[in-house]
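Enquirer: Numbered per my numbering, the sequence shown spans residues 23 to 132. Glycine is no exception: its CB is placed at the ideal position from the N, C-alpha and C atoms. Can you read through this structure? Questions will come right after.
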Amino acid sequence: MPPPGAPGWQVPAVGWLLDHCPSDYRMYAVWRRHPIALAWVTAHHLDAQLGAMRTAYRGLRVDLGEHVEPEGIAAALAALEAEGARLLAARRAAGLLLEAMQGHAFVPRL
């Protein structure tokens, strides 16, 4: 993705943001016309997904312990942990895109 401020940088940013929302969001022209609104709603959507992952992780053993063998529980917990890490990285990126669209400048650190 081009850095914020580069010509056309919001076009790939909108595509990336839409990739992290439900596919039905692509039907609404408002998100392409107002990328800052898309970045804002994407951040909220990712927050909700993170909450769901955390709830699932906490409740998996209790809710499914009698129905899934220990190896399956361990594998499911590992998958939830990996998905949580992916969502956390996506949420951080969406937040940075939102900040960039709000005009915040980022200074590289050495």
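(1) Taking A112 as the reference, which of L39, P24, P25 and M23 has the closest Cα?
(2) Per DSSP, what kind of secondary structure is R131 in: helix, strand or coil?
(3) Based on Cα-Cα distance, which residue from A59, E103 and R48 lies nearest to Q124?
(4) Rounded to whole angstroms, what's the CA-CA distance from A35 to A104? Just pull it up for me.
(5) How many Å lie between L54 and E88 at the Cα?
Expert: If we stick to the structure as given:
(1) Taking the Cα of A112 as reference, the smallest distance to any Cα among L39, P24, P25 and M23 is reached at L39.
(2) Judged by DSSP in its simplified three-state form, R131 adopts coil rather than helix or strand.
(3) For Q124, the closest C-alpha among the options A59, E103 and R48 is that of A59.
(4) Cα to Cα, A35 sits roughly 24 Å from A104.
(5) In the sequence on display, residue 54 carries Arg and not Leu. So the alpha carbons of these two residues sit roughly 47 Å apart.
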